[in-house]
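Heads up: the structure comes next, in structure tokens.
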Amino acid sequence: MLWWTVRDVISAVVPLAAGLVVFAFVESWRPWLGPLLVALAIVDVVHAAVVPSLRYRVHRWEATDDAVYALSGWFVREWRVAPLSRIQTVDATRGPLQRWLGLATVTVTTASASGPVQLVALPDAEATELAARLTAIVGRTAGDAT
Numbered sequence: 001m002l003w004w005t006v007r008d009v010i011s012a013v014v015p016l017a018a019g020l021v022v023f024a025f026v027e028s029w030r031p032w033l034g035p036l037l038v039a040l041a042i043v044d045v046v047h048a049a050v051v052p053s054l055r056y057r058v059h060r061w062e063a064t065d066d067a068v069y070a071l072s073g074w075f076v077r078e079w080r081v082a083p084l085s086r087i088q089t090v091d092a093t094r095g096p097l098q099r100w101l102g103l104a105t106v107t108v109t110t111a112s113a114s115g116p117v118q119l120v121a122l123p124d125a126e127a128t129e130l131a132a133r134l135t136a137i138v139g140r141t142a143g144d145a146t
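In this text, residue positions in the sequence shown follow the UniProt record's numbering: the first is 1, and each later residue adds one.
See below:
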């Protein structure tokens, strides 16, 4: 949840900072821009305080010896299943923010038109172990990965 919260805060700071720069230098915009920036700041604070915990409640994943499962979505729930016989690559990626927080994202790529299955914000050690385990299982699994 911390990763989602920090991402939300960072994405809120950029437009607010730009608005404050305009507020400081364009005097004629101040009467309407000031209240707009205050409203935007309130919405951003509420969003950062509420959305990450809701997101944590709706996102689930599981990796078995047969498939990788991922559940996500707010209003439209998406249940993705990637059978191990169809997996083409397993990647563990760590962006700067994830490295700072000790997290990683495992991406399981298949030939699906829906795109890869992503397991986001896993603890780094767990992501590394999962990627290695899936790679080993896929290597032993019969199938053409298409």
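From the three backbone atoms N, C-alpha and C, an ideal C-beta is built for every residue, glycine too.
Neighbour-count burial assignment, residue i, 16 or more Cβ in a 10 Å radius
i	result
residue 153	Residue numbering for the chain in the displayed model covers 1 to 146; residue 153 lies beyond these limits and cannot be assessed.
Val108	buried
Trp3	buried
Val43	exposed
Pro52	buried
Leu119	buried
Ala63	buried
Beta-carbon contacts of residue i that lie in its chain and below 8 angstroms, excluding the five residues immediately before and after
i	result
Ile137	Asp65 and Leu84
Ser112	Ala82 and Arg86
Where residue i sits in the DSSP three-state scheme
i	result
Val76	coil
Thr109	strand
Arg60	strand
Asp65	coil
Thr128	helix
Ala141	The residue you asked about is not Ala; residue 141 is Thr in the sequence shown. In this structure, Thr141 counts as coil in the three-state DSSP scheme.
Endpoints, alpha helix (DSSP H) assigned at residue i
i	result
Trp3	Leu2 to Phe25
Pro123	Run containing Pro123: none in the alpha helix (DSSP H); it sits in the beta strand (DSSP E), Val117 to Pro123.
Trp29	Careful: Trp29 lies outside any alpha helix (DSSP H) and carries neither H nor E.
Leu97	Pro96 to Leu101
Proximal residues to residue i (C-beta, below 6 angstroms), its chain only, five neighbours per side dropped
i	result
Thr93	Thr105
Leu36	none
Arg80	Ala70 and Val117
Supposed close pair residue i, residue j - CB separation, criterion 8 angstroms
i	j	result
Val90	Ala131	5 angstroms
Leu103	Leu122	6 angstroms
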